[in-house]
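Right, one structure below, let's go through it.
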Amino acid sequence: MKTVHIGLLGFGVVGQGVWQLLQTNQEEISHQTDIKVTVKKILMRDPEKSRVLPAEDPRLTTSWQTILQDAEIDVIVELMGGIEPARQYITEALSAGKHVVTANKALLAQHGSELSRLAAHRGVQLRYEASVAGGIPVLQAIRESLCANRLTSIMGIVNGTTNYILSKMTREKTTYEEALAEAQVKGYAEADPTADVEGFDAAHKLTILASLGFQTTVDFSQVYREGIDRITPLDIEYASELGYVIKLLAIARDLEGKIELRVHPTMIAAGHPLASVQDAYNAVYIQGNAVGDLMFYGRGAGDLPTASAVMGDVLNVAHHRTNDHAPSYPLDYKPNGKKVQSMDETTTAYYIRLLVKDIPGVLGRIATAFGNCGVSLSSVIQKGDADPVSLVFVTHRTREIAVQQAIRDIRLMDELVEVAGIIRVEDI
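Be aware that the sequence shown starts at 1, since it is given in full-length UniProt numbering, and climbs by one per residue.
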């Protein structure tokens, strides 16, 4: 039986999940894989905070160098989060010839190319299944099971916090603020929820998905991003009337030489598989030219689901650590780079809600403004009879630049009170 010694960097929720998983399932792991995994060292900022191990446990340390210089440690498992010092530690570990497993999506989205290049240069593995969808093994599927396909589209619900908030708003007709507060109480949202609700977390994950799926180096800064903080119960109600559900989607498409990358609230048909994904669950929907449509669904965060993906990577490293033909998960594809399409050129349908003064002819003027910009309207609904009046427009598929120009022209109208909402509509 092989023995693999790991150095664990960070002992928070996921780090303790890894520890718990090993204590609970070690016999099962060894039976299935003929590998015994042991945690030799654990890096902590403050060992006194450990809730699983006593502070005097010899495996706990505050010294990174103690772990780096331990020749018995085969794999570094980085679960600290953040950019620094995680980037420094992973760089030093790879340079020292140690394999690395990480769940750090922000680091990989911004520095994955250089770390991937370093791992290849040193002949070691850099694995990161847990960085995108918690316990869902979607990256392995993309790089191994689907490698005979040309992937044309990857889209998904990859942030549990925002999906929980939107699910609660849809189911219970609560406000965004109320749903966010409950998500924080239940531990689904951080005290500062910015990374989740403004779409940064989903954009980090989309960067990784698109890099692997389309085999091109993706610059995180080129991912278009909007959050969910402007979604109202009224928008959710109108979406339901129109046969849609609102989700924060991460969307990547291969457009024959260019790729489309965007994260934003999206209306999708209520019958689509992604529309049924509720609460803190994640799902990734993939289209390939051979396999057709696939959806991967499960828990996208949490201690044990994420630990499951981390341990899967550790065991894969153990299987291939002396094998020159180990599966590769590179994020450095510069020779095959594809350009990211400008958001202005993106084509989709739009839901647009305007508040206007109840004046004769206002609907006609607004419809003319859309028409002058080449925006074709699929439906127009007037909601309510109070002043101001709510007008809801759904467009046919059109370019983003045309819609934004029409909105700029409409903002100049005296009859306009407010552009209350613009949500893209995906026919998927």
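The beta-carbon is built from N, C-alpha and C at its ideal position, and this holds for glycine as well.
Everything numeric in this text was worked out from a predicted model, so none of it was measured.
Determine the closest residue to V277 out of D303, A290, G292 and L248, with distance taken between C-alpha atoms. L248
In whole angstroms, give me the CA-to-CA distance for G364 and D385. 17 Å
Just how far apart, CA to CA, sit I251 and Q382? 31 Å
Just list the beta strand (DSSP E) runs in the stretch 134-171, keeping only unbroken ones of 3 residues or longer that don't cross its boundaries, in chain order. 151-157
S131 beta carbon less than 8 Å from that of N159: no
In the DSSP assignment, what are the bridge partners of P265? L248
Contacts around I142, its chain only, beta-carbon distance under 6 Å, and the 5 residues preceding and following it disregarded: L212 and G213
Mind checking T193: buried by the 16 CB within 10 Å criterion, or exposed? At residue 193 the sequence reads Pro, which differs from the Thr that was named. Label assigned to P193: buried.
Does the Cβ-Cβ distance between A318 and I35 come in under 8 Å? yes
Where V291 and A133 are concerned, what is the direct C-alpha to C-alpha distance, given to the nearest angstrom? 21 Å
Cα-Cα separation, E237 to S390: 13 Å
Where R411 falls: helix, strand or coil (DSSP): helix
By the 10 Å Cβ neighbour count, where 16 or more other Cβ atoms means buried, how is A71 classified, buried or exposed? exposed
Considering only the beta carbon of each residue, do E418 and L355 sit closer than 8 Å? yes
Measuring CB to CB, does G374 end up less than 8 Å from T398? yes
contact_flag[the stretch 98-112, the stretch 166-186] where n(CB pairs < 8 Å) is 3 or more: no
Shortest alpha-carbon distance to Y297 belongs to which of P273, G288, N289 and S308? P273
Taking 8 Å as the cut-off, decide whether the C-beta atoms of T395 and A349 are in contact. yes
Return yes when the Cβ of V263 is within less than 8 Å of the Cβ of R225, no when it is not. yes
Assigned secondary structure, G298 (DSSP; H/G/I helix, E/B strand, else coil): strand
Tell me the start and end of each unbroken alpha helix (DSSP H) in the stretch 170-227 that is at least 4 residues and wholly inside, in chain order. 176-185, 194-197 and 200-214
I need the straight-line Cα distance from L331 to A109, nearest angstrom please. 9 Å
Once the 5 residues before and after T216 are set aside, which same chain residues still bring their CB inside 7 Å of it? I259, Y333, N336, G337 and K338
Using 8 Å as the threshold, is the C-beta distance between V52 and L8 below it? no
Rounded C-alpha distance that separates S221 from K205: 13 Å
A191 to R87 span [Cα, whole Å]: 25 Å
What residues in its chain sit with their C-beta under 7 Å from that of T207, if we drop five residues either side in the sequence? A109, V218, F220 and V223
Going by DSSP, which residues form a beta bridge with Y350? R424
What number of angstroms, rounded off, separates the C-alpha of V403 from the C-alpha of R127? 41 Å
Here's a check: name, in chain order, each residue in its chain whose Cβ is nearer than 6 Å to the Cβ of residue 431, leaving out the five neighbours to either side. No answer is possible for residue 431: the residues shown for the chain start at 1 and end at 428.
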